[in-house]
Structures are given as structure tokens and as C-alpha cells.
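> If you scroll down you'll find the structure; I have some questions about it.
Protein chains in written order, with the working numbering: chain A, 61 to 138; chain B, 61 to 138.
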């Protein structure tokens, strides 16, 4: 079974770059990567915060948040 | 041909966690991941800085630096 990975972003340039590089580099045989645009799906901001996400872009892997560079803080997306 | 990816760290807890999760999640069929401990191989700090790395852990992929969470700044490793 593949591990679930969620890549949260907000459409910012830093986010798009990280998505194309990091999210795309994840091994698809072991991980199922879901890409979530928090600017467009604000109802999932709570879920991201629960996983420990403070800013985007961020990748939640195995319930741990990994903030990749800095695009925008979660607070600014609300 | 696989793309070269370099994961720079300094043995800190944040680094070790990111290495085990992010560096390990990279698709080995498309990327060749080299793990570099900058605390032990200080002669490669210049190379990391040239790639734009400001702190560790960081992954350099396709000549772009991706800082993953924050463990230590490069300046503190010198």
C-alpha cells in the first residue's frame, strides 16, 4: 500500500516551483501524492494546521509536516 | 540518465528526520540522491552556498535549493 503524502500550496511562485520539483520527485510507487491548493479550498486549511503546517509550500508525509522554502504563511490564507 | 540531487544536513534531529522522510521518498529511478553531512565535510560548505543553501536540512534539485524545515544555518556550521 502506498503512503499518503499531501502537498499543500497556495499558487504562489515559490509553491509552483516546489510542486514541480519536490512533489514531482516523490517516488510514485511508494507514495500517493495529493496536491491541495489552500487558496482555492479554504475548508482544508484546518486539516493542514492539524498536521502542523505553518506555511506553504509544505509536504505532509507520514503525519509530519515539511515546510519547503517559504511562500506564504497559513494565517495569510484565511 | 538520473538527475543528481544532493541532500545537505548537519546531523541535527531535524536533519535526520528530513533525511529519513524526504530524501528517502525521492524516486530512485529518476534521481540519484547524495547525502552530504556538512558538519563532517566542511570543505563542501562552499559548494552548498553556491547552490543557494542558507540552512540545513536542504535538498538541491536541478540546481535549485529547497530548504526543508529548519535545523541550523550554514553560518553556524563554519
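Virtual Cβ for every residue (Gly too), placed ideally from N, Cα, C.
Take residue 81 of chain A as the anchor and find which of B:80, B:102, B:127 has the nearest alpha-carbon.
On the first chain, position 21 is the one that residue 81 of chain A refers to. Of the candidates B:80, B:102, B:127, the one whose C-alpha sits nearest the C-alpha of residue 81 of chain A is B:127.
> Does the distance from the CB of residue 95 of chain B to the CB of residue 130 of chain B come in under 9 angstroms?
The sequence position of residue 95 of chain B within the second chain is 35, counting from 1. The sequence position of residue 130 of chain B within the second chain is 70, counting from 1. No, Cβ-Cβ distance for residue 95 of chain B and residue 130 of chain B is not below 9 angstroms.
> Below 9 angstroms between beta carbons is the criterion; list the residues of the region 85-96 of chain A that meet it against any residue of chain B, in chain order.
Within the region 85-96 of chain A, the residues whose Cβ lies closer than 9 angstroms to some Cβ of chain B are 85, 86, 87, 88, 89, 90, 91, listed in chain order.
> Could you run through the region 118-136 of chain A and flag, in chain order, every residue whose CB is less than 7 angstroms away from some CB of chain B?
Answer set for the region 118-136 of chain A: 121, 122, 124, 126, 127, 128, 129.
> Of all the CB atoms in chain A, is at least one closer than 9 angstroms to the CB of residue 111 of chain B?
Here the question's residue 111 of chain B lines up with position 51 in the second chain. False, the Cβ-Cβ gap to chain A never drops below 9 angstroms.
> Between A:122, A:134, A:102, A:132, which has its C-alpha nearest residue 90 of chain A's C-alpha?
The residue labelled residue 90 of chain A in the question sits at position 30 within the first chain. Answer by Cα proximity: A:122.
> For the alpha helix (DSSP H) that residue 78 of chain A lies in, which residues bound it at each end?
Locating residue 78 of chain A in the first chain gives position 18, where the first residue counts as 1. Per DSSP, residue 78 of chain A belongs to the alpha helix (DSSP H) from 73-78.
> Rounded to the nearest angstrom, what separates residue 132 of chain B and residue 72 of chain B at their Cα positions?
In the second chain, the residue the question calls residue 132 of chain B occupies position 72. In the second chain, the residue the question calls residue 72 of chain B occupies position 12. C-alpha separation (whole angstroms): 8 angstroms.
> For a test of the three-state rule: what should DSSP assign to residue 118 of chain B, helix, strand or coil?
On the second chain, position 58 is the one that residue 118 of chain B refers to. Residue 118 of chain B: strand per DSSP, three-state reduction.
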